[in-house]
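Asker:
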């Protein structure tokens, strides 16, 4: 069910293993925002991982955090409860990336990757070949294609899913009954 998504994650992880990692300050969780919304393929995969947690852990997350808070509901004790299964955005946050500049034929924006870490944004005249930066456009296009294929293979009960599902919803016990049985 998630094989195409897992191949994308593997490709991203291999790329990230070759570049310098962001040096996040100890205890920093600025990227762990409560308003993160995921494509259904990522939300379903995260939901499956959440269901694999012990019942007492799931209950604790639901009761202690509810749907409020200033950080992601999965941020527990300073770390991500589902770190190995984290979505693409969480894997790549803080990584220097480039993206094509809107309206410019051959211009690329390079971003330091994180608003907390040092790394000024610069503009390059041509494609930054040979620079170890994440091609954000390529990642987003690949993720959108994987999500579309995932949606095409879902049973009819999943018709009408929203384009994005907030992370806070994946821990909720209600509204997932048919999907949980499918997962």
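Numbering (the working numbering), first residue to last: 576 to 758. No residue lacks a Cβ here, since even glycine has one placed at the ideal position from N, Cα and C. Note that the structure is predicted; figures quoted are calculated from it, not measured.
#1: Can you list, in chain order, the residues of its chain with a C-beta nearer than 7 Å to that of residue 647? Leave out the 5 residues immediately preceding and following it.
#2: Quickly, what does DSSP pair residue 655 with across the bridge? List them, please.
#3: Identify which residue in 582, 655, 639, 668 has its Cα closest to the Cα of residue 616.
#4: Around the C-beta of residue 613, are 16 or more other C-beta atoms found within 10 angstroms, so that it is buried, or is it exposed?
#5: Which word fits residue 586, buried or exposed, when buried means at least 16 other C-beta atoms lie within 10 angstroms of its C-beta?
#6: What is the residue span of the alpha helix (DSSP H) that residue 667 lies within?
#7: Does the distance from the CB of residue 712 to the CB of residue 667 come in under 8 Å?
#8: Below 8 Å between beta carbons: does that hold for residue 708 and residue 659?
#9: Could you please give the first and the last residue of the uninterrupted beta strand (DSSP E) stretch that includes residue 673?
#10: Quick check on DSSP: helix, strand or coil for residue 612?
#11: How about residue 637 and residue 746: are their beta carbons less than 8 Å apart?
#12: Look at the alpha carbon of residue 698 and the alpha carbon of residue 718, and state the distance between them as a whole number of angstroms.
#13: Locate the alpha helix (DSSP H) running through residue 715, then write down its first and last residues.
#14: Residue 593 lies in the alpha helix (DSSP H); which residues open and close that run?
Answerer: Let me lay it out:
#1: Mapped onto the chain shown, residue 647 falls at position 72. Only 607, 608, 609, 611, 742 meet the Cβ criterion.
#2: Residue 655 sits at position 80 when you count from the first residue of the chain shown. 650.
#3: Start at 1 with the first residue of the chain shown, and residue 616 comes out as number 41. Closest option to residue 616, judged by alpha-carbon separation, among 582, 655, 639, 668: 582.
#4: Here the question's residue 613 lines up with position 38 in the chain shown. So residue 613 counts as buried.
#5: Reading the chain shown from its first residue, position 11 is the one you call residue 586. Classification for residue 586: exposed.
#6: By 1-based counting over the chain shown, the position of residue 667 is 92. Under the DSSP assignment, residue 667 falls in the alpha helix (DSSP H) whose first and last residues are 663 to 667.
#7: Locating residue 712 in the chain shown gives position 137, counting from the first residue. Locating residue 667 in the chain shown gives position 92, counting from the first residue. Contact: no.
#8: As a working note, residue 708 is residue 133 in the chain shown. As a working note, residue 659 is residue 84 in the chain shown. Result no, Cβ atoms of residue 708 and residue 659 do not sit closer than 8 Å.
#9: To locate residue 673, count along the chain shown from 1; it is residue 98. Here the beta strand (DSSP E) through residue 673 covers 672 to 675.
#10: Translated into positions along the chain shown, residue 612 becomes position 37. The three-state reading of DSSP puts residue 612 in strand, counting E and B together.
#11: For the purposes of this step, residue 637 is identified with residue 62 of the chain shown, where counting begins at 1. For the purposes of this step, residue 746 is identified with residue 171 of the chain shown, where counting begins at 1. Between residue 637 and residue 746, the C-beta spacing is below 8 Å.
#12: For the purposes of this step, residue 698 is identified with residue 123 of the chain shown, where counting begins at 1. For the purposes of this step, residue 718 is identified with residue 143 of the chain shown, where counting begins at 1. Low confidence applies here, because residue 698 scores a pLDDT of 44, under 50, leaving its location unreliable and the question unanswered by this model.
#13: Numbered from 1 along the chain shown, position 140 holds the residue referred to as residue 715. Under the DSSP assignment, residue 715 falls in the alpha helix (DSSP H) whose first and last residues are 711 to 727.
#14: Here residue 593 is taken as the residue at index 18 of the chain shown, counted from 1. Per DSSP, residue 593 belongs to the alpha helix (DSSP H) from 578 to 593.
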